[in-house]
Amino acid sequence: MKTNRKSDLAKREERTAYKLLLPALIILLLIAIYPLGQVFYTSFTDRQFASGQETEFIGFDNYRRLLSVTVQQLEPLVDEETNQIVIDEETAKVIYERPIDVLPREPIRYREYRQFNLMGNRYVLGATDVDFIDAIKNTLVFTVTSVFLELVLGLGIALVVNSNFKGKGVTRTAMLIPWAVITVVSARMWEWMLAPNRTGMFNMLLDRFGLTEGSIAFLASSSFQLPAMIAVDVWKTTPFMALLLLAGLQTIPDELYEAAAIDGAGPVKQFFSITFPLLKPAMAVALIFRTLDALRVFDVFQVLLGQSEYSMATYNYFQLIGNRNMGLASAIGVIIFIIIFGFAIIYIKSLGVEMDETS
């Protein structure tokens, strides 16, 4: 009899829980799931933003236009008279046929993205949308590098501010200042510091110490653009990573460290046997949050680089607002979503964290 009463009580509590969750689920359906479904559908159409044209279903054409790549071998040019391979007189290098002559033009035109040598042969990598392939590369390099640096630096900062020392409260507050600065404001500040021709702080310092002539164009040179974006992001968001890790550190009981110290474990052994394993759930949350944010990076690239180099988000903006191609922009959004979802799964699996542990 008691078992039946408990069963009835559990069922009533379950029904009550579902009723309480229903408003939140309806709101989630309206503001998240429905728009996401619309984006998925639009990505299979040729819809133009504010054009008034009739929308047609085109299947995977937008995805083919964005992601299609090909590799073609380039043959060396041969002199018709001597029947010998043509050599450049200035560089003494073999001259190959033009990529435009070997890359396919139908049904979709491919453009040259990169040339490379492999096993003594010359190849060209072609893409239907070179800018988007470059945007994917920029975003992935930016994400992996910046998140790794933020994790290492953030963990170091969290370990320091978690210890007992005089002025700990002031240090924790000061730590958050870069993160509190609005991203556009911090980007403009870095734009001034990275300015060329000794007008920027970094060029001025490099010139003063005799390292360079103070004329490095950090935001115009392809060699420095991506490292500059990473530096700006690491400076701004490392405090956020440190804050998340600090919250995880404070959940670890001090008794564990005291017991380990009695057993003769030093700081390094304590870190790898106590801190790191117990910090994995917090690290998983921090990595997922930061990776999600980094893969969607927009403001830093838009403010500092404009259209000279794209991230996936800025290229998405360019296609939607600049070209008014809503179908293509939606396909880019879906690709970003899939990449973010993939990174989240990889983090959870690699860190060995169950979903209920991170909640």
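Residue numbers (the working numbering): 83 to 441.
In this text, a Cβ means the ideal position worked out from N, Cα and C, and glycines have one as well.
Inter-residue Cα distance where the pair is residue i and residue j
i: G119; j: T137; result: 17 Å
i: S125; j: A302; result: 33 Å
i: S89; j: I108; result: 28 Å
i: I403; j: G134; result: 15 Å
i: R196; j: E162; result: 28 Å
i: K443; j: E95; result: Outside the shown range of the chain (83 to 441) lies residue 443, about which nothing can therefore be said.
i: F247; j: K362; result: 26 Å
i: F300; j: I356; result: 42 Å
i: Q154; j: L207; result: 7 Å
i: F425; j: I218; result: 14 Å
i: R187; j: R193; result: 9 Å
i: I115; j: N144; result: 22 Å
i: T294; j: N279; result: 11 Å
i: Q401; j: M271; result: 28 Å
i: V350; j: A92; result: 48 Å
i: V367; j: G249; result: 28 Å
i: I259; j: L103; result: 37 Å
i: V316; j: F224; result: 10 Å
i: I418; j: A411; result: 11 Å
i: F306; j: T227; result: 14 Å
N-terminal and C-terminal residue of the beta strand (DSSP E) that residue i is part of
i: L207; result: 203–209
i: Q307; result: Here Q307 belongs to no beta strand (DSSP E); instead the alpha helix (DSSP H) covers 304–331.
i: F198; result: 193–200
i: T152; result: 151–156
Helix, strand or coil at residue i according to DSSP, with G and I counted as helix
i: Y392; result: coil
i: Q135; result: coil
i: T221; result: helix
i: N405; result: coil
i: T127; result: strand
i: D90; result: helix
i: M83; result: Any reading at M83 must be qualified, since the residue scores a pLDDT of 48, below 50, and its modelled position is unreliable; the value itself is stated next. If DSSP states are grouped into helix, strand and coil, M83 belongs with coil.
i: D438; result: Below a pLDDT of 50, predicted positions are generally treated as unreliable, and D438, at 48, falls in that range; the measurement from the model is reported next regardless. Of the three classes helix, strand and coil, the one that applies to D438 here is helix, per DSSP.
Residue i, enclosing alpha helix (DSSP H) - first and last residue
i: R378; result: No alpha helix (DSSP H) holds R378; DSSP gives it neither H nor E.
i: V176; result: First-last for V176: undefined, no H or E at that position.
i: E340; result: 336–344
i: S268; result: 265–275
i: Q166; result: Premise fails: Q166 is in no alpha helix (DSSP H) and is neither H nor E.
i: L287; result: 283–290
i: P186; result: No alpha helix (DSSP H) holds P186; DSSP gives it neither H nor E.
i: V350; result: 349–352
i: T255; result: 250–257
Beta-carbon gap between residue i and residue j smaller than 8 Å
i: E179; j: L159; result: yes
i: G388; j: V121; result: no
i: G409; j: D213; result: no
i: L288; j: I298; result: yes
i: M365; j: E232; result: no
i: V382; j: A209; result: no
i: R191; j: L156; result: no
i: T373; j: V229; result: yes
i: R406; j: Q130; result: yes
i: V385; j: A395; result: no
i: T255; j: V243; result: no
i: I177; j: V168; result: yes
i: T320; j: G251; result: no
i: Q332; j: A342; result: no
Buried or exposed (CB count within 10 angstroms, at least 16 for buried), residue i
i: L369; result: buried
i: A393; result: Looking at the sequence shown, residue 393 is not Ala but Ser. The residue is buried, with at least 16 neighbouring Cβ atoms inside 10 Å.
i: G304; result: A small correction: the amino acid at residue 304 is Ser; Gly does not occupy that position in the sequence shown. So S304 counts as exposed.
i: G238; result: exposed
i: L328; result: buried
i: G202; result: exposed
i: W274; result: exposed
i: E337; result: exposed
i: P359; result: exposed
i: Y397; result: buried
i: L377; result: buried
i: Y123; result: exposed
i: E340; result: exposed
i: L185; result: buried
i: R290; result: exposed
i: F284; result: buried
i: A262; result: exposed
i: N199; result: exposed
i: E391; result: buried
i: V266; result: exposed
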